[in-house]
Each structure stands twice: as structure tokens, then as C-alpha cells.
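Take the sequence shown: its letters are residues 2 to 67, numbered as in the working numbering.
Using N, Cα and C, we set each Cβ at its ideal position, and we do this for glycine too.
Since this is a predicted model, take the numbers as computed values, not measurements.
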Amino acid sequence: MMSIINLDWNRIPKTTRERFLGNVFCANCKDAVRVTDYTVENSKMGLIIKGKCSKCGGDVIRVVEV
């Protein structure tokens with residue numbers, strides 16, 4: 002699961018975090034997918050979720066504005 006503990010990420014309610022993780026766009030699948038093996042990092046843009054597509058295993062990224 003998450004390899005970086007991120008306090009901002011943990012402040013988001015669990016149900017909302019689950020929605021973010023289950024709604025990441027994969028360019029290979031051309032669809033919204035669930036992210037697996039992810040990390041969460043802080044950025045000027047917000048939180049960056051980086052991981053793998055649950056369907057094809059390709060790299061996916063999602064920005065969560067906080």
C-alpha cells in the first residue's frame with residue numbers, strides 16, 4: 002500500500018481517500034482505474050499520488066489539490 006506516510010493525506014477522510022485511489026486516469030487503458038503500489042508526496046500543486054494501474058500495471062499519477 003502506501004510507502005510514504007503523509008500527514009496531509011492522513012487528514013483526508015478515509016472514504017474520500019478511497020475515492021481518489023479508485024479514480025486515477027491511466028493513459029494506457031484510457032480509463033479511470035484504481036492505483037496500486039502507490040506513494041503520496043507533497044507538491045506545490047497539492048498531493049501527488051504515484052503508483053501502478055490495477056489493470057495494466059502501467060505508471061499512473063494523480064494530483065489532489067488540498
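Buried/exposed call for residue i, threshold 16 Cβ in 10 Å
i: R63; result: buried
i: E66; result: exposed
Short Cβ contact (8 Å threshold) for residue i with residue j
i: G80; j: V36; result: Residue 80 is absent from the model: the chain starts at 2 and stops at 67.
i: R18; j: W10; result: yes
i: G59; j: N24; result: no
i: V41; j: N7; result: yes
Close beta carbons around residue i, own chain, < 8 Å, minus the five adjacent residues each side
i: K31; result: none
i: S55; result: V34, R35, V36, T37
i: L22; result: R35, V36, Y39, I50
Own chain residues within Cβ distance below 7 Å of residue i, not counting five before or after
i: S44; result: none
i: G47; result: V64, V65, E66, V67
Bounding residues of the beta strand (DSSP E) (the contiguous stretch that carries residue i)
i: R63; result: 60-65
Same chain only: Cβ atoms within 6 Å of residue i, ignoring 5 sequence neighbours per side
i: D38; result: G52, K53
Residue i: first and last residue of the uninterrupted alpha helix (DSSP H) it sits in
i: N43; result: No alpha helix (DSSP H) holds N43; the beta strand (DSSP E) holding it covers 36-44.
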